[in-house]
Amino acid sequence: MAIFAVDTFTPFGMAVAVLYVLVILIAANFCDRRQLLAVGFGCVALTLLAFTITHGTQYETTAFARCLISLAAIGITTLLVERNKSAEMVLREQANLLAVTHDAVFVRDENDVIRYWNRGAEELYGWSAEEAIGQVSHRLMASDFPIPLRAITRILERDGKWEGEITHTKRDGSGVLVASRWSIQRGEQGRPPAILETNNDITTARRAEEDLRQAQSNLAHVNRVSTLGEMTASIAHEVSQPIAAMVASAGAGQRWLAAGNIEEVQQSLARISKDGHRASEVISRIRALSMKRPPRKEQVDINDAIREVLALVRDQAERNRTELRTELSPDLPPINVDRIQIQQVLLNLIVNALEAMATNDETDREVLVCSRGNGSGGVEVVVQDTGPGLAAAQMAQVFDAFYTTKSNGIGMGLAICRSIIEAHDGSLGVTDNEPRGAVFQFSLPSVESTVGSVP
Numbered sequence: 003m004a005i006f007a008v009d010t011f012t013p014f015g016m017a018v019a020v021l022y023v024l025v026i027l028i029a030a031n032f033c034d035r036r037q038l039l040a041v042g043f044g045c046v047a048l049t050l051l052a053f054t055i056t057h058g059t060q061y062e063t064t065a066f067a068r069c070l071i072s073l074a075a076i077g078i079t080t081l082l083v084e085r086n087k088s089a090e091m092v093l094r095e096q097a098n099l100l101a102v103t104h105d106a107v108f109v110r111d112e113n114d115v116i117r118y119w120n121r122g123a124e125e126l127y128g129w130s131a132e133e134a135i136g137q138v139s140h141r142l143m144a145s146d147f148p149i150p151l152r153a154i155t156r157i158l159e160r161d162g163k164w165e166g167e168i169t170h171t172k173r174d175g176s177g178v179l180v181a182s183r184w185s186i187q188r189g190e191q192g193r194p195p196a197i198l199e200t201n202n203d204i205t206t207a208r209r210a211e212e213d214l215r216q217a218q219s220n221l222a223h224v225n226r227v228s229t230l231g232e233m234t235a236s237i238a239h240e241v242s243q244p245i246a247a248m249v250a251s252a253g254a255g256q257r258w259l260a261a262g263n264i265e266e267v268q269q270s271l272a273r274i275s276k277d278g279h280r281a282s283e284v285i286s287r288i289r290a291l292s293m294k295r296p297p298r299k300e301q302v303d304i305n306d307a308i309r310e311v312l313a314l315v316r317d318q319a320e321r322n323r324t325e326l327r328t329e330l331s332p333d334l335p336p337i338n339v340d341r342i343q344i345q346q347v348l349l350n351l352i353v354n355a356l357e358a359m360a361t362n363d364e365t366d367r368e369v370l371v372c373s374r375g376n377g378s379g380g381v382e383v384v385v386q387d388t389g390p391g392l393a394a395a396q397m398a399q400v401f402d403a404f405y406t407t408k409s410n411g412i413g414m415g416l417a418i419c420r421s422i423i424e425a426h427d428g429s430l431g432v433t434d435n436e437p438r439g440a441v442f443q444f445s446l447p448s449v450e451s452t453v454g455s456v457p
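For the sequence shown, the numbering used here assigns the number 3 to the initial residue and increments by one for each residue that follows.
Right, here's the structure in full:
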């Protein structure tokens with residue numbers, strides 16, 4: 003009111019009403035947006051009232067100009083303060099959100115010095131905001147990056163963001179694995195850029211995934227041993243054949259030795275050595291399939307893997323009066339897989355196909371194993387039989403755990419097969435065979451396509 007009184011009742015030839023700007027600036031510290039606008043309109047009203055009382059309808063041009071200057075100053079100040087108030091409110095809301103989020107959020111400057119540290123970061127790492135702010139982040143938390151920090155910085159400068167998994171050390175010395183997201187906030191008007199980092203603790207999730215992988219590996223091992231157990235007769239035949247041949251060659255060698263025919267003795271010894279290696283290879287394949295070991299990926303020729311499995315099941319196919327045919331495409335690209343696990347899938351599919359035709363007429367039993375390119379640079383393997391096939395309902399459930407069409411099965415074989423193929427970034431499916439039977443096929447990426455998919 004003092005400004006109103008001076009403006010109305012004193013003869014000063016100046017824009018006294020401009021002093022209302024001070025009132026607006028002071029009010030900005032105590033009022034919300036609505037109250038601030040009310041103060042601004044009030045100042046405008048007092049300015050117009052003072053002008054009317056002082057000059058009425060008879061006014062000089064200079065007095066009217068001073069009034070306009072005062073009104074402009076009041077209006078502009080009110081709008082600027084109101085806009086600043088709005089921005090301040092948005093920032094406060096964002097700060098509150100950052101404070102209550104469960105994610106660890108902090109802001110670093112271009113020198114990696116922490117400038118903001120939210121409550122989630124306090125809870126995750128153990129340092130308070132007062133302790134963390136001003137510290138170099140990667141030194142404070144002993145960050146273990148998946149790639150060199152310089153490489154991350156280049157990606158951040160190029161793309162404006164980076165995502166990855168980082169291992170940090172907490173205040174108590176324990177490690178924590180986080181899914182980290184970085185975004186660069188470009189500076190304005192010469193201000194240096196800042197980096198917003200959001201971290202989410204995934205330690206428990208990764209541990210659970212590792213436990214699940216271990217459980218799947220154990221289950222796959224049990225399945226392999228179970229399948230080999232069902233093939234005891236075939237395995238015994240595969241081993242006994244070269245042993246019987248060795249015995250026969252040894253007997254022949256003894257007879258030739260008694261007769262003094264050294265050349266025939268040498269040939270007998272060569273046959274014994276050859277059959278011994280053959281028996282050793284069969285035992286090695288069986289031992290590899292039955293061993294319990296962690297998954298180990300390597301470059302594999304899918305045709306070689308198929309041939310090794312066929313050597314184990316060929317006797318079973320003969321005893322079942324089943325023709326076992328192959329159509330293996332040459333020059334297929336190598337695949338990056340765990341050889342034993344892929345052979346386990348092949349063994350399951352081929353044994354299932356042989357067992358599916360137990361009720362067939364003996365003249366109509368055939369299993370065809372094919373390998374070919376899958377059209378995407380990888381390989382596809384097909385196991386096709388002429389058995390009774392699968393009904394639509396069975397086809398929808400055949401890969402479910404504990405679902406089986408066998409009277410003595412537990413329903414885990416195909417479920418394990420699918421999990422193995424999917425763990426290798428492949429796919430396993432089943433379709434009908436015409437005119438009868440089922441076709442199981444799986445696809446796997448080649449080494450080149452696997453490498454090319456890594457960012």
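Glycine is no exception: its CB is placed at the ideal position from the N, C-alpha and C atoms. If you're wondering where the values come from, they're calculated on a predicted model, not measured in any experiment.
Asked                                                                                                            : Found
Proximal residues to residue 266 (C-beta, below 7 Å), its chain only, five neighbours per side dropped           : 258
Sub-8 Å separation of residue 117 and residue 107 beta-carbons                                                   : no
Residue 464 versus residue 379: straight-line alpha-carbon distance, rounded                                     : Coverage of the chain is limited to positions 3 through 457, which leaves residue 464 absent and any answer about it impossible.
Residue 170 burial status per 10 Å Cβ neighbour count (16 or more: buried)                                       : buried
From 143, 154, 115, 120, residue whose alpha carbon lies closest to that of residue 137                          : 115
Beta-carbon spacing of residue 299, residue 339 below 8 Å                                                        : yes
Inter-residue spacing [alpha-carbon to alpha-carbon] between residue 311 and residue 373                         : 14 Å
Cβ neighbours of residue 162 in the same chain (closer than 7 Å, five flanking residues each side left out)      : 185, 186
For residue 370, the nearest candidate out of 361, 360, 383 (CA to CA)                                           : 383
CA nearest to the CA of residue 330, picked from 63, 262, 385                                                    : 385
Opposing strand residues paired with residue 118 [DSSP bridges]                                                  : 109
Minimum length 4: unbroken alpha helix (DSSP H) runs contained in the segment 323-364                            : 341-358
Assigned exposure category for residue 359 - 16 Cβ within 10 Å defines buried                                    : buried
Euclidean distance between Cα positions of residue 367 and residue 281                                           : 29 Å
Option in 180, 376, 199 with minimal Cα separation from residue 206                                              : 180
CB of residue 203 within 8 Å of CB of residue 178, strictly                                                      : yes
Beta carbon of residue 26 nearer than 8 Å to that of residue 83                                                  : yes
Exposed unless 16 or more other CB atoms sit within 10 angstroms - verdict on residue 42                         : buried
Assumed close pair residue 346, residue 423 - CB separation to whole angstroms, cut-off 8 Å                      : Their Cβ separation, rounded to whole angstroms, is 11 Å, which puts residue 346 and residue 423 out of contact at 8 Å.
Contact check, residue 111 vs residue 122, beta carbons under 8 Å                                                : no
Stretch pair the segment 150-169 + the segment 63-78: three plus CB contacts closer than 8 Å                     : no
For residue 74 and residue 67, the rounded distance between their alpha carbons                                  : 10 Å
DSSP three-state assignment for residue 201, whether helix, strand or coil                                       : strand
8 Å Cβ cutoff met for residue 375 and residue 326                                                                : no
Neighbour-count burial assignment, residue 396, 16 or more Cβ in a 10 Å radius                                   : exposed
Nearest neighbour of residue 420, chosen from 447, 323, 400 [CA to CA]                                           : 400
Runs of beta strand (DSSP E) lying entirely within the segment 120-198, each at least 3 residues, in chain order : 163-171, 177-187
As assigned by DSSP and simplified to three states, the class of residue 388                                     : coil
DSSP-derived helix/strand/coil call for residue 436                                                              : coil
Check: residue 151 C-beta below 7 Å from any heavy atom of the ligand MG                                         : The ligand MG is not part of this structure, which contains no ligands at all.
Test item: CB-CB of residue 392 and residue 440 under 8 Å                                                        : yes
Where residue 387 falls, given that 16 or more other Cβ within 10 Å makes a residue buried                       : buried
Nearest to residue 272 (by Cα), restricted to the options 248, 263, 175                                          : 248
Buried or exposed (CB count within 10 angstroms, at least 16 for buried), residue 124                            : buried
Three-way DSSP call (helix, strand, coil) for residue 431 in this model                                          : strand
Given residue 449 as reference, the closest of 303, 159, 160 once Cα atoms are compared                          : 303
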